[in-house]
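Quick note on UniProt numbering: the sequence shown kicks off at 1 and runs consecutively. The C-beta atom is built at its ideal place from N, Cα and C for all residues, glycine as well. Below: the structure, in structure tokens.
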Amino acid sequence: MEGFWTGFCIKSIIDDIIFYFTGDTHKKSSAIKVNSENLLVNGELHFLCNFKAWRNLFTCSKNCINILQHLAHAHGATKDDIDADTAEEIFEQLILKSNNWPIRIQRCMLQKERVCLFLNREDIIASSIKMAVECKMTLGKIKSTGKIFILKYQHDAQSALTTQRLHLIRNVTAKALNLHGHIVLSTGENCTNKYIFTSKSEGLIDEGYKKYVCGIVKNSQTNSKETCFTWEQYIKYKMNQLAELSEHKFIENEKNNAKDFFLHNLANAVIIFELMTVKPSRSVIIGNNNVEDDRNITNTRGASFVLYNTARIAAIIAKYNEKVSRGEYPSLPDIKNVDFSQLQEEFTVHSYI
1 MEGFWTGFCI
11 KSIIDDIIFY
21 FTGDTHKKSS
31 AIKVNSENLL
41 VNGELHFLCN
51 FKAWRNLFTC
61 SKNCINILQH
71 LAHAHGATKD
81 DIDADTAEEI
91 FEQLILKSNN
101 WPIRIQRCML
111 QKERVCLFLN
121 REDIIASSIK
131 MAVECKMTLG
141 KIKSTGKIFI
151 LKYQHDAQSA
161 LTTQRLHLIR
171 NVTAKALNLH
181 GHIVLSTGEN
191 CTNKYIFTSK
201 SEGLIDEGYK
211 KYVCGIVKNS
221 QTNSKETCFT
231 WEQYIKYKMN
241 QLAELSEHKF
251 IENEKNNAKD
261 FFLHNLANAV
271 IIFELMTVKP
281 SRSVIIGNNN
291 VEDDRNITNT
301 RGASFVLYNT
311 ARIAAIIAKY
321 NEKVSRGEYP
331 SLPDIKNVDF
341 SQLQEEFTVH
351 SYI
């Protein structure tokens with residue numbers, strides 16, 4: 001599978017728009033850009049009107065100065081000036097054409113020298129869910145680039161939790177690089193992309209490595225590096241906190257060993273959430289308070305957030321499986337046969353997911 005964006009249709013819809021404008025396929029065109037922020041205002045995609053942005057895709061015999069003028073001429077217009085009505089007509093034709101695409105264009109808007117394209121959110125969500133179910137662990141993975149990275153982390157002799165955070169940062173970075181098609185190794189000689197994650201801004205590092213300085217784990221009471229807890233001690237500490245909140249039905253009826261196993265896994269998840277909740281260069285502050293006070297520390301949601309969502313999801317799955325076993329609910333259909341057309345209003349989409 002080439003990658004998530006191809007299957008997800010963002011790349012596919014860009015290809016469809018390019019083909020509609022030019023009548024030809026241009027797989028690596030950069031004329032249409034993907035927006036990364038403020039999507040409600042700017043849309044998911046945009047392209048510049050200036051014809052120079054399109055000069056590598058086709059030529060115009062009428063010396064048009066922008067793409068809208070060219071498209072108007074292509075559809076029979078004779079005047080050179082593009083007014084609001086003409087632009088709106090071009091947009092309507094593009095929207096109509098997109099009705100045959102996996103993800104439709106909802107609306108177009110002219111913002112100064114660029115056209116913003118707003119995609120149909122229901123189509124996006126339906127495609128996302130189908131891709132997630134079909135691709136499973138390969139979701140988001142891009143075709144191999146062959147580029148090699150070597151990643152290491154440097155132990156912090158004073159703080160076991162800081163060392164564990166460096167280890168987590170290294171592993172998360174490795175997974176992100178793997179998803180982008182790169183190869184990640186722990187050791188190697190003939191490689192120029194060598195990085196070491198460390199909590200020390202000064203001091204020697206292995207030859208050939210570039211240093212990435214990460215924030216330490218700090219104690220909220222001393223406001224200094226946390227040096228008392230080991231990883232297992234902190235997990236045990238969190239398990240005790242979580243046990244005080246474990247009034248949820250999905251664990252209260254379990255046997256003690258099953259409950260301990262559940263709390264251990266949950267504590268592990270909570271701590272990872274704490275240590276990775278801020279960007280790597282910042283310090284993480286942990287506290288010896290109760291779990292409800294996590295909002296006052298670096299982690300703004302903490303254990304309560306993880307526990308609530310785990311309980312919610314577990315309860316939904318348990319209830320569904322129980323209903324299926326009684327014959328009250330049908331088994332899940334093949335995702336390809338699921339009809340998402342009922343999700344027409346924005347609030348129903350949010351309720352569904």
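Task: Straight-line gap, Lys52 to Ala84 (C-alpha atoms, nearest Å) - done: Along the sequence shown, read from residue 1 onward, the residue named residue 52 stands at position 52. Along the sequence shown, read from residue 1 onward, the residue named residue 84 stands at position 84. Straight-line Cα distance between these residues: approximately 22 Å.
Task: Exposure of Ser325, with buried meaning 16 or more beta-carbon neighbours within 10 Å - done: Along the sequence shown, one-based indexing puts residue 325 at 325. Classification for Ser325: exposed.
Open item on the list: Buried or exposed for Gln93, going by 16 or more other Cβ atoms inside 10 Å?
Closed with: By 1-based counting over the sequence shown, the position of residue 93 is 93. That one is exposed.
- [ ] Please name the residue in Glu274, Lys141, Tyr308, Ile14 whose C-alpha comes closest to that of residue 355.
- [x] Past the edges of the chain, shown from 1 to 353, lies residue 355, and the structure says nothing about it.
Task: Identified DSSP bridge partners for Arg114 - done: In the sequence shown, residue 114 corresponds to position 114, counting from 1. DSSP, once it has assigned bridges, lists Leu48, Gln111 as partnering Arg114.
Open item on the list: According to DSSP, simplified to helix, strand and coil, what is Ser220?
Closed with: Position 220 of the sequence shown, counted from the start, is the residue given in the question as residue 220. Here Ser220 sits in coil by DSSP.
- [ ] Starting from Asn66, follow its DSSP beta bridges and name the residues at the other end.
- [x] On the sequence shown, position 66 is the one that residue 66 refers to. Partner(s): Asn50.
- [ ] Could you pull the start and end residues of the alpha helix (DSSP H) that Val133 belongs to?
- [x] Here residue 133 corresponds to residue number 133 of the sequence shown, with the count starting at 1. Element bounds for Val133: 121–135.
Open item on the list: Is the beta carbon of Phe149 closer than 8 Å to that of His180?
Closed with: In the sequence shown, residue 180 corresponds to position 180, counting from 1. In the sequence shown, residue 149 corresponds to position 149, counting from 1. No; because the gap between Cβ atoms is not below 8 Å, this pair is not in contact.
Task: Distance, Tyr329 Cα to Lys323 Cα - done: Here the question's residue 323 lines up with position 323 in the sequence shown. Here the question's residue 329 lines up with position 329 in the sequence shown. Computed Cα separation, rounded: 5 Å.
TODO: Report the rounded CA-to-CA distance for Met276 versus Leu139, giving the unit in angstroms.
DONE: Residue mapping note: residue 276 aligns to position 276 of the sequence shown, counting from 1. Residue mapping note: residue 139 aligns to position 139 of the sequence shown, counting from 1. C-alpha separation (whole angstroms): 22 Å.
TODO: Throw me the rounded Cβ distance for the Lys218 and Val284 pair, which I believe falls under 8 Å.
DONE: As a position in the sequence shown, residue 218 is number 218, starting the count at 1. As a position in the sequence shown, residue 284 is number 284, starting the count at 1. Yes, Lys218 and Val284 are in contact; Cβ-Cβ is about 7 Å, under 8 Å.
Open item on the list: Contact defined as beta carbons within less than 8 Å: I believe Gln111 pairs with Leu119. What is the distance between those atoms, to the nearest angstrom?
Closed with: Locating residue 111 in the sequence shown gives position 111, where the first residue counts as 1. Locating residue 119 in the sequence shown gives position 119, where the first residue counts as 1. Wrong, their Cβ atoms sit about 16 Å apart, outside the cutoff.
TODO: Have a look at Leu57 and Lys143 and give me their C-alpha separation to the nearest angstrom.
DONE: To locate residue 57, count along the sequence shown from 1; it is residue 57. To locate residue 143, count along the sequence shown from 1; it is residue 143. Using only the alpha carbons, I get a separation of about 26 Å.
Task: Supposed close pair Thr222, Ser159 - CB separation, criterion 8 Å - done: Your numbering for residue 222 matches position 222 in the sequence shown. Your numbering for residue 159 matches position 159 in the sequence shown. Between Ser159 and Thr222 the Cβ distance is about 12 Å, and since that is not below 8 Å, they are no contact.
- [ ] Alpha carbon to alpha carbon, how far is Glu122 from Phe47? Give it in angstroms, no decimals.
- [x] By 1-based counting over the sequence shown, the position of residue 47 is 47. By 1-based counting over the sequence shown, the position of residue 122 is 122. Roughly 23 Å between the two C-alpha positions.
Open item on the list: Can you give me the C-alpha to C-alpha distance between Lys33 and Ile103, rounded to a whole angstrom?
Closed with: Residue 33 sits at position 33 when you count from the first residue of the sequence shown. Residue 103 sits at position 103 when you count from the first residue of the sequence shown. Cα to Cα, Lys33 sits roughly 16 Å from Ile103.
TODO: Write down the C-beta distance between residue 359 and Gly43 rounded to the nearest angstrom, noting that I regard them as a contact closer than 8 Å.
DONE: Lying before the first or after the last residue shown, residue 359 is absent from the chain, which here runs from 1 to 353.
TODO: Measure from the alpha carbon of Cys108 to the alpha carbon of each residue in Trp101, Ser127, Lys97, Glu88, then state which is nearest.
DONE: In the sequence shown, residue 108 corresponds to position 108, counting from 1. The candidate whose alpha carbon is nearest that of Cys108 is Glu88.
Task: Pairwise C-alpha distance: Ser186 and His166 - done: Here residue 166 refers to the residue found at position 166 of the sequence shown. Here residue 186 refers to the residue found at position 186 of the sequence shown. It is Leu, not His, that sits at residue 166 in the sequence shown. In a straight line, the C-alpha of Leu166 is about 14 Å away from that of Ser186.
Open item on the list: Using 8 Å for Cβ pairs, my map puts Glu113 next to Asn50. What's the rounded Cβ distance?
Closed with: For the purposes of this step, residue 113 is taken as residue 113 along the sequence shown, with counting starting at 1. For the purposes of this step, residue 50 is taken as residue 50 along the sequence shown, with counting starting at 1. That pair is a contact at about 6 Å.
Task: Leu166 (DSSP reduced to helix, strand or coil) - done: Looking up residue 166 in the sequence shown gives position 166. Note: Leu166 maps to helix in three-state DSSP.
TODO: Please go through the segment 167–233 and give each complete alpha helix (DSSP H) segment of 4 or more residues, from N-terminal end onward.
DONE: none
- [ ] Name the two residues that bound the continuous alpha helix (DSSP H) containing Tyr20.
- [x] If you number the sequence shown from 1, residue 20 lands on position 20. Where Tyr20 is concerned, the enclosing alpha helix (DSSP H) stretches over 10–22.
Open item on the list: Once DSSP output is grouped into helix, strand and coil, what is the label at Lys236?
Closed with: Residue numbering aside, residue 236 sits at position 236 when the sequence shown is read from its first letter. In this structure, Lys236 counts as helix in the three-state DSSP scheme.
Open item on the list: Check this for me: beta carbons of Ile235 and Ile271, under 8 Å apart or not?
Closed with: Taking the first residue of the sequence shown as 1, we reach residue 235 at position 235. Taking the first residue of the sequence shown as 1, we reach residue 271 at position 271. Yes, the pair counts as a contact, with Cβ atoms nearer than the cut-off.
Task: Presumed contact (8 Å Cβ cut-off) between Lys152 and Arg170, rounded CB distance - done: The sequence position of residue 152 within the sequence shown is 152, counting from 1. The sequence position of residue 170 within the sequence shown is 170, counting from 1. Right, their Cβ atoms sit about 7 Å apart.
Task: Strand pairing of Lys152, partner residues [DSSP] - done: One-based indexing of the sequence shown puts residue 152 at position 152. Paired residues: Ile196.
Task: Rounded straight-line distance, which links the Cα of Val213 to that of Val184 - done: In the sequence shown, counting from the first residue as 1, residue 184 sits at position 184. In the sequence shown, counting from the first residue as 1, residue 213 sits at position 213. The straight-line gap from Cα to Cα measures roughly 19 Å.
TODO: Could you check what DSSP says for Ile32 in three-state terms: helix, strand or coil?
DONE: The residue given as residue 32 occupies position 32 in the sequence shown. Strand.
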